[in-house]
Ligand code: GLV
Ligand code: MG
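Numbering (UniProt numbering), first residue to last: 1 to 324.
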């Protein structure tokens, strides 16, 4: 390992993150009883300009009055380029800050954006004498944010997670998309007819670079990488596939923009029983190898070594966190 210490963000389950518009208070109770690990009450893009003020009031009341159980509660504030943002932070943190775990910052572009909100939140927390510190989640969803993702990830000790906001990212980069978080048949290659006689179309994942880059920035700073929305809530297989490829790249959660996506996210983002059993066997085999003075052994015909221990521990720790 490097001599440079990477401090880990507080360990929270973040397999599913349910988006609930702040302007739809009739949805709040149901959300509180859902199986979502994290809920963000939205003030930004799901709320029309005329409804922003009322949404803020709804959220303050809901944070104070509804029993959210052990859910991690977040609010998505408006962007720093709007005049709504300062009131989102001031009113909600002042009036409901004790039940707020996280603030989600959309369209974050630079480390200075994070600094500005950190300053504001710190002043309010100090003035109110809050004992707990509110954490930050950042949506990486603009070309600027993606360019500066490493500085953003390191910009505050409040930082907990980075989220890939595919819809705004597509708009910002002018990528051609058909549905939010979906794929595009034009992002494909044709196989070589000289090699296989025919031509097959191989679709690619047009979001690979963006997600992989965000994952690196998050993990290098001890943060959780989370994949954002998948717009077609009727397409369960499409959602599972999108969540699965994000999980393979290192993401530990995905948004649910509809309650029907919560269980899918929890399922894909939880290690399966067989994965956990295999991980435990790796740990046992390596403990035996170490006792016999060996650093690497074979298990089921495959080499395992000290790196395998670290991989197995990630899975076992996650399954403990889920059953806690
Ligand atoms: C989320 O905010 C997105 O733009 O995808
Ligand atoms: Mg967005």
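Heads up, the beta-carbon is just placed ideally off N, CA and C, and yes, glycines get one too.
| field | residue 41 versus residue 139: straight-line alpha-carbon distance, rounded | value | 14 angstroms
| said: So, for residue 108: in the same chain, excluding its five sequence neighbours on each side, which residues have a beta-carbon less than 6 angstroms away from its beta-carbon? | reply: Excluding residues within five positions, the ones whose Cβ falls inside 6 angstroms are 138, 145 and 152.
| task | Work out the CA separation of residue 115 and residue 159 for me, nearest whole Å. | result | Taking the straight line from one Cα to the other gives about 11 angstroms.
| request: Consider the C-beta atom of residue 210 and the heavy atoms of ligand 1; say whether any pair is separated by less than 7 angstroms. | output: no
| task | Name the one or two DSSP bridge partners that residue 224 has. | result | 161
| query | Are there three or more Cβ pairs, one per stretch, closer than 8 angstroms when the segment 18–36 is compared with the segment 55–73? | reply | Under the 8 angstroms Cβ criterion, the segment 18–36 counts as touching the segment 55–73, having at least three qualifying pairs.
| C-alpha gap between residue 133 and residue 321, whole angstroms | 22 angstroms
| field | For review: beta carbons within less than 7 angstroms of any heavy atom in ligand 1 | value | The answer, residue by residue, is 45, 106, 139, 141, 165, 166, 167, 168, 169, 180, 228 and 229.
| message | Count Cβ pairs between the segment 290–300 and the segment 259–276 that sit closer than 8 angstroms; are there 3 or more? | response | no
| task | Verify whether the separation of the beta carbon atoms of residue 148 and residue 188 is less than 8 angstroms. | result | no
| field | Cβ neighbour criterion (16 or more within 10 Å) applied to residue 104 | value | buried
| query | Whose CA, out of 142, 129, 32 and 273, lies closest to the CA of residue 94? | reply | 129
| request: Note down the Cα distance separating residue 237 from residue 276, rounded to an integer number of angstroms. | output: 24 angstroms
| message | Can you give me the C-alpha to C-alpha distance between residue 92 and residue 252, rounded to a whole angstrom? | response | 28 angstroms
| field | Length of the line joining the Cα atoms of residue 163 and residue 218 | value | 9 angstroms
| query | Would you call the CB atoms of residue 113 and residue 142 closer than 8 angstroms? | reply | no
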